[in-house]
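Chemist: Please find one structure pasted underneath; my questions will follow.
If you want it as structure tokens, here you go:
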């Protein structure tokens, strides 16, 4: 089971208190967008094994969205950060690189 710290209220919550929101740092197109853009938003994901950056909502707590860096292979959580950031903070990227030396970096690094 995942234990994730809510970046907003500071509570450590298990995944049953949270609502997953998909991949973080992607452009979210609306239904008024072109068919290609909206289709890409709905269906095209890298979905690789390893480190992911995801959106989560503290559904049974403060109700706010935040981002989480975690590994899909080991369920290891590297940290959480504000949903308003456009890229993962350097402190979290550095932590990932210490634990996972093979980590290639974030896509816009």
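In the working numbering, the protein residues as written are 1 to 109. Yeah, the Cβ is synthetic: ideal placement off N, Cα and C, and Gly gets one too.
#1: I'd like to know whether the C-beta atoms of residue 55 and residue 66 end up nearer to each other than 9 Å.
#2: Would residue 52 and residue 15 qualify as a contact pair, given that the criterion is a beta-carbon distance under 9 Å?
#3: Checking 9 Å against the spacing of the C-beta atoms, do residue 106 and residue 25 come in under that value?
#4: How many whole angstroms separate the CB atoms of residue 73 and residue 97, which I take to be in contact at a CB cut-off of 8 Å?
#5: Are residue 78 and residue 92 close, meaning C-beta to C-beta below 9 Å?
Modeler: Checking against the coordinates, here is how it stands:
#1: Residue numbering aside, residue 55 sits at position 55 when the chain shown is read from its first letter. Residue numbering aside, residue 66 sits at position 66 when the chain shown is read from its first letter. Annotated as proximal: residue 55 and residue 66, with beta-carbon spacing under 9 Å.
#2: Mapped onto the chain shown, residue 52 falls at position 52. Mapped onto the chain shown, residue 15 falls at position 15. The answer is no: Cβ separation not under 9 Å.
#3: Looking up residue 106 in the chain shown gives position 106. Looking up residue 25 in the chain shown gives position 25. Closer than 9 Å, so yes.
#4: Taking the first residue of the chain shown as 1, we reach residue 73 at position 73. Taking the first residue of the chain shown as 1, we reach residue 97 at position 97. In fact, because the Cβ distance is near 16 Å, the residues do not count as touching under 8 Å.
#5: As a working mapping, residue 78 is identified with position 78 in the chain shown. As a working mapping, residue 92 is identified with position 92 in the chain shown. In this structure, residue 92 lies closer than 9 Å to residue 78 by Cβ.
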